[in-house]
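Chemist: This is the structure I want to talk about, given as structure tokens.
In my numbering, the protein residues as written are 9 to 564.
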């Protein structure tokens, strides 16, 4: 009898110990990470933000908001490449030079001297995949699979660039297309074999396999998000079957202009004809398909899901354009360019239905994900030199670890500042806490002219309280705006000091590159500067050097 009781007690103790070990193992298991992006998505276009004021809903994206945290003060960048590079590198656009929208053959792109979010997560034990729109350079050395990602399947440009060869006045000479046209939709895999094959336009292949699956035509645009989302789901299933944590970044082409929706999905919007909104409804369903894959695999509870977009809406193409309540639109200095939706779900860690007024930006994700994966000091380590995947990187990240804030362990975001930069690399503003300081502004009210007209540099910063005046209308509508400025001049002293501190960091960590220009006049301008500099050196510097060399050496 006593032996039976003892045996039962031992068995019970063993079961308890086993359960504790299982719980600890489950707790220590690295969460999967799934990042879902739209393109140029407007805040008002998501019904979780607008309560369906536009006459339709986005139930799948809304589901993430209901089950996670929704940001009201989240910052992307002013245009596509800038927003993607900010997330990808964790660095301000002034450091990478990736502030200008990349077009086919542009001499710009992701540098292998900079770590990527994919590369950092790969070094921490994740299998990494990127699917959909990339848009951080079309040369081979800038492709995801030689910059930290194990797999890539997607396109490299904005949609209106992809369809340029189909425009009526596109040059008919095949050599023109070969020289200036876009690359097709690429399927790439990272390898250990260094392929020395060199394309005359796109450069050396390197340690990757590249397959061009064909052009992204207007017809293919109708369903390309089906292709790339299916590839993302396949990637997730394979890594789950292998028992490996995954980092998956899916980038839809919706809702960048121009919108091309398949016939069977047209007409679902019921408040007038809108191919754009039909496309937005379709985009929400694509997100739902990926979320369902997590549910079907039983891994939703151990997967962090982030939904966001690169930048604010391209409103000047309306009705083929998104909506935002914020001032102006993409490619300006105003909140309409930078303020974007962001929703984060992490069951058991982020309280469901949370809405926050705290500030966060695309730059914050590398430190945050790295911390969650077991590397909490990535920012400081990268300042000194950090080895990942056989390379050593020494860079200045501009992001903050937000893991404690997301999990509710601290009430405040780690970020209280955001520096606004235009696509030419001009520092146009600073947000510090409640206040935004505008250093340069786009004064054109709208149309594609905002891409053509220069910014006006201000001799005195404009100050906006983004809680009291979230839509930046005071300088347009208020009778007392300039009195308000006079009464808040004292705030600018701190803002100026913040810029000084920010600028100091570039001495040790200088810009990787300088943004190119859309305008041909700068080509001559830069050429003349170089010629003048060369002439100055030839006239003033070289003769002095020769004179010094001719002098006899002084005896010691």
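Heads up, the beta-carbon is just placed ideally off N, CA and C, and yes, glycines get one too.
Which parts of the region 31-113 are runs of the alpha helix (DSSP H), unbroken and 4 residues or longer, counting only runs that do not cross its ends?
Modeler: The region 31-113 contains these whole alpha helix (DSSP H) runs: 55-58, 67-75, 88-97, 101-104.
Chemist: Would you say residue 327 faces chain B, with C-beta separation under 8 Å as the test?
Modeler: The question asks about chain B, but that chain is absent: this structure has only one protein chain.
Chemist: Use the C-beta contact count for residue 551: other C-beta atoms within 10 angstroms, 16 or more gives buried, fewer gives exposed.
Modeler: Answer is exposed; the Cβ neighbour count stays below 16.
Chemist: State the start and end residues of the unbroken alpha helix (DSSP H) segment that holds residue 185.
Modeler: Counting along the chain, the alpha helix (DSSP H) containing residue 185 begins and ends at 182-188.
Chemist: For residue 106, count neighbouring C-beta atoms within 10 Å of its own C-beta (all shown protein chains included) and say buried if the count is 16 or more, exposed if not.
Modeler: Buried, since its Cβ has 16 or more Cβ neighbours within 10 Å.
Chemist: I'd like the list of long-range same chain contacts for residue 517, defined as Cβ closer than 6 Å, with 5 residues on each side in sequence excluded.
Modeler: Hits under 6 Å: 404.
Chemist: Using 10 angstroms around the beta-carbon of residue 480, count the other beta-carbons present and answer buried if the total reaches 16, otherwise exposed.
Modeler: Result: buried.
Chemist: Taking all protein chains shown into account, do 16 or more other C-beta atoms lie within 10 angstroms of the C-beta of residue 7, making it buried, or fewer, making it exposed?
Modeler: With the chain running from 9 to 564 in the structure shown, residue 7 is simply not present.
Chemist: Does residue 445 pass the burial test, meaning 16 or more other C-beta atoms within 10 Å, or should it be called exposed?
Modeler: Under this definition residue 445 is a buried residue.
Chemist: Can you tell which of 166, 450, 96 has its C-alpha closest to the C-alpha of residue 136?
Modeler: When only C-alpha atoms are compared, the closest one is 96.
Chemist: Any chance you could list the alpha helix (DSSP H) runs of at least 4 consecutive residues sitting entirely within the region 394-451, in chain order?
Modeler: If we require 4 residues or more, the alpha helix (DSSP H) runs fully inside the region 394-451 come out as 411-414.
Chemist: What does the alpha-carbon distance come out to for the pair residue 435 and residue 447?
Modeler: Roughly 7 Å between the two C-alpha positions.
Chemist: For residue 30, is the classification buried or exposed, using 16 other Cβ atoms within 10 angstroms of its Cβ as the cut-off for buried?
Modeler: Low confidence applies to residue 30: its pLDDT is 41, below 50, so where it sits in the model is not reliable, and the reading given next is rough at best. That one is exposed.
Chemist: Report all residues from its chain with a CB closer than 6 Å to the CB of residue 350; omit the five preceding and five following residues, and keep chain order.
Modeler: Only 79, 82, 316 meet the Cβ criterion.
Chemist: Please work out which residues of its chain come closer than 8 Å, Cβ to Cβ, to residue 174, disregarding the five sequence neighbours upstream and downstream, and give them in chain order.
Modeler: Only 225, 226 meet the Cβ criterion.
Chemist: Is residue 69 near the ligand FMN, in the sense that its beta carbon is under 7 Å from a heavy atom of that ligand?
Modeler: In the structure on display, the ligand FMN does not appear, and there are no ligands present to speak of.
Chemist: Give the range of the beta strand (DSSP E) segment to which residue 369 is assigned.
Modeler: That run of the beta strand (DSSP E) goes 362-369.
Chemist: To test your reading of the DSSP string, which unbroken alpha helix (DSSP H) runs of 4 or more residues are found completely within the region 455-513?
Modeler: With a minimum length of 4 residues, the continuous alpha helix (DSSP H) runs that stay inside the region 455-513 are 482-485, 489-494.
Chemist: Pick out whichever of 500, 465, 200, 286 has its Cα sitting closest to the Cα of residue 213.
Modeler: Of 500, 465, 200, 286, the residue nearest in Cα terms is 200.
Chemist: According to DSSP, is residue 383 part of a helix, a strand, or is it coil?
Modeler: If DSSP states are grouped into helix, strand and coil, residue 383 belongs with coil.
Chemist: If contact is defined by three or more beta carbon pairs under 8 Å, each pair taking one atom from either stretch, is the region 119-138 in contact with the region 397-414?
Modeler: Enough Cβ pairs lie closer than 8 Å, so yes.
Chemist: Are three or more beta carbon pairs between the region 421-437 and the region 161-171 nearer than 8 Å?
Modeler: Result no; under three Cβ-Cβ pairs closer than 8 Å.
Chemist: Does the distance from the CB of residue 62 to the CB of residue 323 come in under 8 Å?
Modeler: Cβ distance not < 8 Å, so residue 62 and residue 323 don't count as in contact.
Chemist: Quick one: Cα of residue 511 to Cα of residue 475, how far?
Modeler: One C-alpha to the other measures close to 27 Å.
Chemist: Could you check where the beta strand (DSSP E) with residue 203 kicks off and where it finishes?
Modeler: Here the beta strand (DSSP E) through residue 203 covers 194-207.
Chemist: Would you call residue 321 buried or exposed, if buried means 16 or more other Cβ atoms sit within 10 Å of its Cβ?
Modeler: Residue 321 is buried by the Cβ-count criterion.
Chemist: If I measure Cβ to Cβ from residue 211 and keep anything under 7 Å in the same chain, skipping five residues before and after, which residues do I get?
Modeler: Counting only Cβ-Cβ distances below 7 Å, and skipping sequence neighbours, we find 147, 148, 149.
Chemist: Taking DSSP's pairing of strands, which residues face residue 220 in a bridge?
Modeler: Beta-bridge pairing links residue 220 to 194.
Chemist: Take residue 368 as the anchor and find which of 341, 382, 414, 329 has the nearest alpha-carbon.
Modeler: Here the closest residue by C-alpha is 414.
Chemist: If residue 47 sits next to residue 286, beta carbons under 8 Å apart, how far is it from one beta carbon to the other, in whole angstroms?
Modeler: The pair is not a contact, with the Cβ atoms about 16 Å apart (cut-off 8 Å).
Chemist: Take every Cβ of the region 377-390, pair it with every Cβ of the region 107-114, and state whether three or more of those distances are shorter than 8 Å.
Modeler: In short, these stretches do not touch, since the Cβ pair count stays below three.
Chemist: Which residues in the same chain have their Cβ closer than 8 Å to the Cβ of residue 394, if we skip the five residues on either side of it in sequence?
Modeler: Taken in chain order, the residues that qualify are 123, 386, 400, 401, 402.
Chemist: Decide if residue 279 is buried, meaning its Cβ has at least 16 other Cβ atoms within 10 Å, or exposed.
Modeler: Label assigned to residue 279: exposed.
Chemist: Mapping the DSSP letters down to three states, classify residue 334 as helix, strand or coil.
Modeler: The answer is coil: DSSP assigns residue 334 none of H, G, I, E or B.
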